[in-house]
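Protein sequences appear in the order of chains A and B.
So for the first sequence, my numbering puts the first residue at 16; every next one is plus one.
So for the second sequence, my numbering puts the first residue at 531; every next one is plus one.
One structure is given here, and the rest of the page talks about it.
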Amino acid sequence: NAGVMQNPRHLVRRRGQEARLRCSPMKGHSHVYWYRQLPEEGLKFMVYLQKENIIDESGMPKERFSAEFPKEGPSILRIQQVVRGDSAAYFCASSPPGTARNTIYFGEGSWLTVV
Amino acid sequence: GENVEQHPSTLSVQEGDSAVIKCTYSDSASNYFPWYKQELGKGPQLIIDIRSNVGEKKDQRIAVTLNKTAKHFSLHITETQPEDSAVYFCAANDSGGGADGLTFGKGTHLIIQP
C-alpha cells in the first residue's frame, strides 16, 4: 500500500452534504482507479482514470457521483447530496503505464459515514 | 462482464496447517489473476498474482494455481501463522470495454486458531 495516499481517512457527512475524497497515486503511476467496499462485501469497481481523462466509468452511479484526475494534483471522487447508502469505504488504487497496468496497488481507504 | 465467485466465505484453520481458498471466473478472455490480503481498517495489499501463461506460482509460504480450462484459480497458504488472519480477495481482470479494471470475489475471512 505504500505510496498511494488517500485523504481524509475518515469523513462524516450529514445527508444532503457533499463528500470529496482525494487520492494521490504512487510515484510514476498514471492510472487511477476508484473502488467502493460495503461492509462484509468485496470491492466494486467504480471508475478508471488517466490524467485528464475518464477511461471507464461503468461502475459509477449515474447521479451524484463524479471523478476527475486533473493534470496537476490528486484525483478527486466527489459525491453530491450524500445519502445513508453512500456510507462505505472508498479505495483508490494506481498502476503504472504500459503492459503491466493490471497490477494495481491500493491506498488505505477513505471511510465515509453519512448520518 | 466478468463474474468472480469465491469460496469459502469463512475459513478457520489451526496454526501450522494449510489453507486453501478457491475462485472461479466466467470470462475466458481474462488473463490476470491477483490475490489481495486486507487487514481490518486497512487497504487491500497485493500478495501474489498469476498470469494466464503459467499454471502455478509460488512465493515462500504462498502459492497460486490456475486452471484456465476449468476457469478456476486457488490460493494456498502453508504453515499458517497468526498474522495470516485477514480477509483475502481474489480478482480477475475484465477484458471487456476499456476498463482494465479488476472484478473481485466477495472475500474469504481466514481465521488462524492458535
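No residue lacks a Cβ here, since even glycine has one placed at the ideal position from N, Cα and C.
All of these numbers come straight from a predicted model, not from anything done at the bench.
Legend entry - Neighbouring residues, chain A, relative to PRO538/B (Cβ below 9 Å): Reading the second sequence from its first residue, position 8 is the one you call residue 538/B. Residues of chain A whose Cβ lies closer than 9 Å to the Cβ of PRO538/B do not exist, since the nearest Cβ in that chain is about 14 Å away.
Self-check item: Beta-carbon neighbours of LEU632/B, restricted to chain A and to distances below 9 Å
Solution: To locate residue 632/B, count along the second sequence from 1; it is residue 102. Under the 9 Å cutoff, chain A gives TYR48, TYR50, LEU58, PHE60, ALA108, ASN117 and ILE119.
query = How many angstroms separate the CA atom of ALA621/B from the CA atom of GLN568/B?
reply = Residue numbering aside, residue 621/B sits at position 91 when the second sequence is read from its first letter. Residue numbering aside, residue 568/B sits at position 38 when the second sequence is read from its first letter. Going from the Cα of ALA621/B to the Cα of GLN568/B covers about 13 Å.
- prompt: Should GLY122/A go down as buried or exposed, given a rule of 16 or more other Cβ atoms within 10 Å for buried?
  reply: Start at 1 with the first residue of the first sequence, and residue 122/A comes out as number 107. Buried: at least 16 other Cβ atoms inside 10 Å.
Check your understanding: SER109/A and VAL47/A: beta carbons closer than 8 Å?
Key -> Mapped onto the first sequence, residue 109/A falls at position 94. Mapped onto the first sequence, residue 47/A falls at position 32. Contact flag set, yes.
Query raised in the report: So what does DSSP say about PRO23/A, is it helix, strand or coil?
Result: For the purposes of this step, residue 23/A is identified with residue 8 of the first sequence, where counting begins at 1. In this structure, PRO23/A counts as coil in the three-state DSSP scheme.
Label VAL617/B either buried or exposed according to how many other C-beta atoms from any shown protein chain fall within 10 Å of its C-beta, with 16 as the threshold for buried. For the purposes of this step, residue 617/B is identified with residue 87 of the second sequence, where counting begins at 1. Buried: at least 16 other Cβ atoms inside 10 Å.
Requested in this report: Check GLU613/B in the structure and name its three-state DSSP category.
Outcome: In the second sequence, the residue the question calls residue 613/B occupies position 83. Reduced to three states, the DSSP call for GLU613/B is helix.
Secondary structure of ASN623/B, DSSP reduced to three states: Indexing the second sequence from 1 puts residue 623/B at position 93. In this structure, ASN623/B counts as strand in the three-state DSSP scheme.
Check your understanding: What is the rounded straight-line gap between the Cα of GLN32/A and the Cα of THR128/A?
Key -> Here the question's residue 32/A lines up with position 17 in the first sequence. Here the question's residue 128/A lines up with position 113 in the first sequence. Spanning the two alpha carbons is a distance of roughly 12 Å.
Exercise. With a cut-off of 8 Å, does the C-beta of LEU605/B fall near any C-beta of chain A?
Worked result: Residue 605/B sits at position 75 when you count from the first residue of the second sequence. With respect to chain A, the C-beta atom of LEU605/B has no partner C-beta closer than 8 Å.
query = Closer than 8 Å, CB to CB, is GLU67/A near chain B or not?
reply = Locating residue 67/A in the first sequence gives position 52, counting from the first residue. No, GLU67/A lies away from the interface with chain B (no Cβ there is under 8 Å from its Cβ).
Original post:
Could you give the C-beta distance for THR633/B and GLU545/B, rounded to a whole number, given that I count them as a contact under 8 Å?
Top reply: Along the second sequence, one-based indexing puts residue 633/B at 103. Along the second sequence, one-based indexing puts residue 545/B at 15. Separation of the CB atoms of THR633/B and GLU545/B is rounded to 32 Å, and the pair is thereby denied contact status at 8 Å.
- heavy atom of the ligand MG below 7 Å from GLN52/A C-beta: Here there are no bound small molecules, and the ligand MG is not part of this structure.
- Message: On a Cα-Cα basis, can you pick out the residue from SER558/B, ILE578/B and ALA559/B that is closest to TYR566/B?
- Response: In the second sequence, the residue the question calls residue 566/B occupies position 36. Scanning SER558/B, ILE578/B and ALA559/B for the CA closest to the CA of TYR566/B turns up ILE578/B.
**Prompt:** Does DSSP put ARG581/B in a helix, a strand or coil?
**Reply:** Walking along the second sequence from the start, residue 581/B turns up at place 51. ARG581/B falls in the strand class under three-state DSSP.
- Beta carbon of ALA103/A, beta carbon of ARG24/A: below 8 Å? What you label residue 103/A is simply residue 88 of the first sequence in a count that begins at 1. What you label residue 24/A is simply residue 9 of the first sequence in a count that begins at 1. It is not a contact, given that the beta carbons lie outside the stated cut-off.
### Message
Is GLY18/A close to chain B? Criterion is C-beta to C-beta, closer than 8 Å.
### Response
In the first sequence, the residue the question calls residue 18/A occupies position 3. Contact of GLY18/A with chain B is not assigned, every C-beta pair being separated by 8 Å or more.
Notebook entry, point to check: So, using beta-carbon positions, are LYS636/B and GLU56/A closer together than 8 Å?
Noted result: Here residue 636/B refers to the residue found at position 106 when the second sequence is read from its first residue. Here residue 56/A refers to the residue found at position 41 when the first sequence is read from its first residue. In this structure, GLU56/A lies closer than 8 Å to LYS636/B by Cβ.
Do three or more CB pairs link the region 90-101 of chain A to the region 537-556 of chain B at distances below 8 Å? These segments do not touch.
Legend entry - Any chain B beta carbon closer than 8 Å to GLY124/A: Along the first sequence, one-based indexing puts residue 124/A at 109. It does: the Cβ of GLY124/A has a partner Cβ on chain B nearer than 8 Å.
Other residues of its chain near ILE551/B: CB distance less than 6 Å, five sequence neighbours each side excluded: The residue you call residue 551/B lines up with position 21 of the second sequence. Result list for ILE551/B: LEU605, TYR618 and THR638, in chain order.
>> On the DSSP bridge list, what partners appear for GLU535/B?
In response: Numbered from its first residue, the second sequence carries residue 535/B at position 5. Within the DSSP secondary-structure output, GLU535/B pairs in a beta bridge with THR554/B.
- Task: Give a yes or no on whether the minimum CB-CB distance between TYR63/A and chain B is below 8 Å.
- Result: Numbered from its first residue, the first sequence carries residue 63/A at position 48. Yes, its Cβ sits closer than 8 Å to a Cβ of chain B.
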